[in-house]
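Respectively, the protein sequence lines represent chains A and B.
For the numbering used here, count along the first sequence from 1 and bump the result up by 20.
For the numbering used here, count along the second sequence from 1 and bump the result up by 1293.
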Amino acid sequence: GESVGLHLPTLSVQEGDNSIINCAYSNSASDYFIWYKQESGKGPQFIIDIRSNMDKRQGQRVTVLLNKTVKHLSLQIAATQPGDSAVYFCAEKSSGSGNTGKLIFGQGTTLQVKP
Amino acid sequence: KAGVTQTPRYLIKTRGQQVTLSCSPISGHRSVSWYQQTPGQGLQFLFEYFSETQRNKGNFPGRFSGRQFSNSRSEMNVSTLELGDSALYLCASRPHLDNEKLFFGSGTQLSVL
């Protein structure tokens, strides 16, 4: 069935280092992927998204990589800052679900940035 | 432009009661989706509304319902509350059905005692 999972529940990095958060998905029919950041007491905040016809997409300090062969998604954060500390979720949308607002979310990875 | 607004921010109810949560989408956004977030199950899709019509529904019992008004504002209702309904309820909006990116509100934290 559909499931999106992250490899590690918690990731601890030093301030200034690069962070890599991984996500595995099982639905090969998924055609859209998105990363969200959720800080304590707030709702998920959009970081970056990517469609299945792309392998890589870059934003400001963030890069998303998509490997459809092994159904793997990763979020790279350059020069991690204390403000990046949050829970990060990957989510997918199946091409079979049409233009629905239904996203399938992973369980989340908590990123801790040490000063 | 104001973000997605959800009210109330916190709610405490007892078992058997019902509750109504409100969501105002970003101005101009016509689609509203609702999600339930719990530590154990994560974020799970409840339903989506567009043009006052429910377009899709997740795997939740009929106690969970919603509606959307002509101004795109949405409400969700949970009847006969159970302890397991304690969760953060998140509302998300998007401009139209061709845009997959959801913009979330800060949620309503519901505690059922």
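Even glycine gets a Cβ: it sits at the ideal position worked out from N, Cα and C.
From a predicted model like this one, the values you see are computed outputs, not experimental measurements.
Residues that DSSP places opposite SER1326(B) in a beta bridge = GLU1341(B), ALA1385(B)
Which residues, taken in chain order from the region 75-105 of chain A, show a beta carbon closer than 9 Å to some beta carbon of chain B?
-> none
Euclidean distance between Cα positions of ASP1391(B) and GLY1398(B) | 20 Å
Can you give the Cα-Cα distance for ARG1323(B) and SER115(A), rounded to whole angstroms?
-> 21 Å
Listing by chain order, which chain B residues have their CB less than 7 Å from the CB of GLY63(A)?
-> LEU1383, PHE1397, GLY1398, SER1399, GLY1400
So, helix, strand or coil for SER1320(B), using DSSP?
-> coil
Listed by chain order, chain B residues near THR120(A) by CB distance under 7 Å = GLU1341, ARG1348, ASN1349
Mapping DSSP to helix, strand and coil, what is PHE125(A)?
-> strand
Cβ-based contacts, 7 Å cut-off: residues of the region 1321-1345 of chain B near chain A = SER1324, SER1326, GLY1335, LEU1336, PHE1338, GLU1341
Of all Cβ atoms in chain B, is any one closer than 8 Å to the Cβ of ILE54(A)?
-> yes
Within-8 Å CB hit, GLY116(A) to chain B | no
Identify the continuous beta strand (DSSP E) that holds SER1260(B) and give its terminal residues.
-> No answer is possible for residue 1260(B): it lies beyond the span of chain B, which begins at 1294 and ends at 1406.
Exposed or buried, ALA49(A), counting other C-beta atoms within 10 Å across all chains shown (16 or more means buried)?
-> exposed
For ASP104(A), three-class secondary structure by DSSP = helix
Using a C-beta to C-beta distance shorter than 8 Å, which residues of chain B count as neighbours of LYS57(A)?
-> Correct list: empty, because the minimum Cβ distance to chain B is about 11 Å.
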